[in-house]
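Per our numbering, the very first residue in the sequence shown carries number 638; after that it's consecutive.
Don't be surprised by glycine CBs; every beta carbon is placed ideally from N, CA and C.
Worksheet: one structure, shown below.
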Amino acid sequence: MKALTLALLLSLPILPLSPPKPAPQLTTQAVKRPKGGRWYFAASGHAIYCYGPVMIVPRANGELERVATFCSDGSPIVPLKD
Numbered sequence: 638m639k640a641l642t643l644a645l646l647l648s649l650p651i652l653p654l655s656p657p658k659p660a661p662q663l664t665t666q667a668v669k670r671p672k673g674g675r676w677y678f679a680a681s682g683h684a685i686y687c688y689g690p691v692m693i694v695p696r697a698n699g700e701l702e703r704v705a706t707f708c709s710d711g712s713p714i715v716p717l718k719d
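Take a look at the structure:
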């Protein structure tokens, strides 16, 4: 009877004592940005992706200028090409 009990105990699977390692999370290095942006053509000649509204602001000489706000390059205001 002891031999049968011993054989039964030895046949049970042994569980590891340490908890399993968590699965690695796939993260992107890019900063998370709000959704709903739009591409614009900047006055510098480059395309730029911005999240804020387009505004009309006065220049130093008094003329009005269209600008996109809160852009992906970190600029709060980018002048747009008309």
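>> Below 8 Å on the Cβ atoms is my contact criterion, and I expect Ile-685 with Ser-709 to pass it. Report the Cβ-Cβ distance as a whole number of Å.
In response: 7 Å
> How would you call Ala-705, buried or exposed, if buried means at least 16 neighbouring beta carbons within 10 angstroms?
Replying inline: Buried.
> Rounded to a whole number of angstroms, what is the C-alpha to C-alpha distance between Ile-651 and Ala-660?
Replying inline: 22 Å
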